[in-house]
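Here the structure is laid out as structure tokens; the discussion comes afterwards.
There are 2 protein chains.
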Amino acid sequence: MAAVTPYTCGLDAAADVIGGKWKPRILWALHHGPRRFGELRKEVSGVTEKMLIQQLRELESRDIVHREVFHQVPPKVEYSLTTLGESLNVALAPLDQWGADHLTEIEATRPC
Amino acid sequence: MAAVTPYTCGLDAAADVIGGKWKPRILWALHHGPRRFGELRKEVSGVTEKMLIQQLRELESRDIVHREVFHQVPPKVEYSLTTLGESLNVALAPLDQWGADHLTEIEATRPC
DNA sequence: TCAGGTACTCACCAAAAGGTAAGTAAGGAG
DNA sequence: CTCCTTACTTACCTTTTGGTGAGTACCTGA
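Heads up: the protein sequence lines correspond to chains A and B, in order.
At position 102 of the first sequence (counting the first as 1) the number is 230 in the working numbering, and the numbers step up by one without a gap.
At position 74 of the second sequence (counting the first as 1) the number is 202 in the working numbering, and the numbers step up by one without a gap.
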């Protein structure tokens, strides 16, 4: 019998979902409520439009974020967390806390 | 005033530590106690020697895992979690749980 | 003398991820 | 008729990450 899942544990699966340079920051930004594309671009500083869209699309296809288009000119698109996305953020909270708690150590051992 | 930290939140810092294709699985394998290099190679199925060492070295430099050499022939090296590593694993537990809980959805929306 | 077992180490290559810069669409304002 | 805003989209390039396969060091036991 071959493995039914490509993942070896839940952590493995979760890592697949939040993997990518900008996803944690996007998730964190959306934690405070729906955001427009342009707002996210500002809040997630350093991200380019291409990367932001790419990551949002991936999160959308994973049903982590919801995309709502308002048919206006100029266009308006709002991104928000789905129920699944909110539960993911809840699971992410302890990790965020860990990172905050050990920020000094983490920075001290940062490569380069 | 420039930012003092390269990280924008704890999650960002944590992601930097656990980033890499094999780190979550290595961490999970070490959760059950110290492991020799050869044991990890078997438990983390699919990993090559080069990648395993590389990731272990990174975790070691971040003070997440401890490396202990036994001066024998043939050589024996044991890897185990440090206190920091254990606390990281604790923070990772909810994420693992989330992944396990939503395995079906995650698989269903997997690209390719 | 030589194979065996363990933990690496290295040179080289392939693939994936990320970055840059320019362009598109749509309609309202001037 | 042109500019403005917003949210993308595309082509192309660079960087990072991961993979392959071979080689090394060490002592032991046959």
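Using N, Cα and C, we set each Cβ at its ideal position, and we do this for glycine too.
Quick caveat, the model's predicted, so the values are computed rather than measured.
Proximity test, Cβ basis, 8 Å: residue i and chain B
i	result
Met129/A	Per-residue confidence for Met129/A stands at a pLDDT of 43, beneath the threshold of 50, marking its modelled position as unreliable; no derived number is given.
Val145/A	yes
Arg163/A	no
Glu233/A	yes
Contact under 8 Å by Cβ, residue i with residue j
i	j	result
Asp191/B	Leu220/B	no
Arg238/A	Thr136/B	no
Val193/A	Leu184/A	yes
Ala142/A	Leu158/B	no
Tyr207/B	Arg163/B	yes
Thr232/A	Leu231/B	no
is_contact[residue i, chain A] using C-beta, thresh 8 Å
i	result
Thr176/B	no
Leu220/B	yes
Thr210/B	no
Leu216/B	yes
Residue i - DSSP class collapsed to helix/strand/coil
i	result
Arg195/B	strand
Lys149/B	coil
Ser208/A	strand
Arg190/B	coil
Ala130/B	Interpretation of Ala130/B is limited by its pLDDT of 39, a score under 50 that renders its predicted location unreliable; no figure is taken from the coordinates.
Arg185/B	helix
Interface residues of chain B facing residue i [CB-CB closer than 9 Å]
i	result
Cys137/A	Pro152, Arg153, Trp156, Asp224, Gly227 and Ala228
Ser189/A	Thr237 and Pro239
Presumed contact (8 Å Cβ cut-off) between residue i and residue j, rounded CB distance
i	j	result
Trp150/A	Gly138/B	Contact flag wrong, Cβ pair sits at about 16 Å.
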